[in-house]
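Worksheet: the structure to be examined is printed underneath.
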Amino acid sequence: MEKLSRPIQINFRVNHLEREKIRERMRECGIKNMARYLRTMAINGCIIKPDHTDIKQTNYELHKIGVNINQIAKKANETGSIYAEDVKMLQEMMDTIWQLQKYILSDEP
107 MEKLSRPIQI NFRVNHLERE KIRERMRECG IKNMARYLRT MAINGCIIKP DHTDIKQTNY
167 ELHKIGVNIN QIAKKANETG SIYAEDVKML QEMMDTIWQL QKYILSDEP
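Under my numbering, the first residue of the sequence shown is numbered 107, with each subsequent residue one higher.
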């Protein structure tokens, strides 16, 4: 991909308080490049940082479910059979996965 050329330089002055406020907002957005931040703000008017709290929690829950499924699979491979209680647990885990997916995709906070 061709690198975008930016031959025009725009300068403006800020005081110490304004500079700190800009840096604070950059940190909140996770942007380290001030030129990128200021360019995005000037062109688009805002930078939105999504809240990934629900997704992180869901990933944690899915990881726990995956660990449980692996334990059941290991037991089934060792014994050559699977028990009804294990099948029921797998069904409950799948229900939990579906509920988590519905929650993530819902419009409710």
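C-beta atoms are modelled at their ideal positions from N, C-alpha and C, and glycine is treated no differently.
Of 146, 118, 117, 119, the smallest CA-CA separation from residue 131 is found for 146. Inclusion of residue 210 and residue 160 in the CB contact set at 8 Å is warranted, their separation being smaller than that value. By a beta-carbon distance limit of 8 Å, residue 164 contacts residue 206. Their separation comes to about 5 Å. The continuous alpha helix (DSSP H) containing residue 180 extends over residues 159-185.
The beta-carbon separation of residue 182 and residue 188, rounded to 4 Å, stays under the 8 Å limit for a contact.
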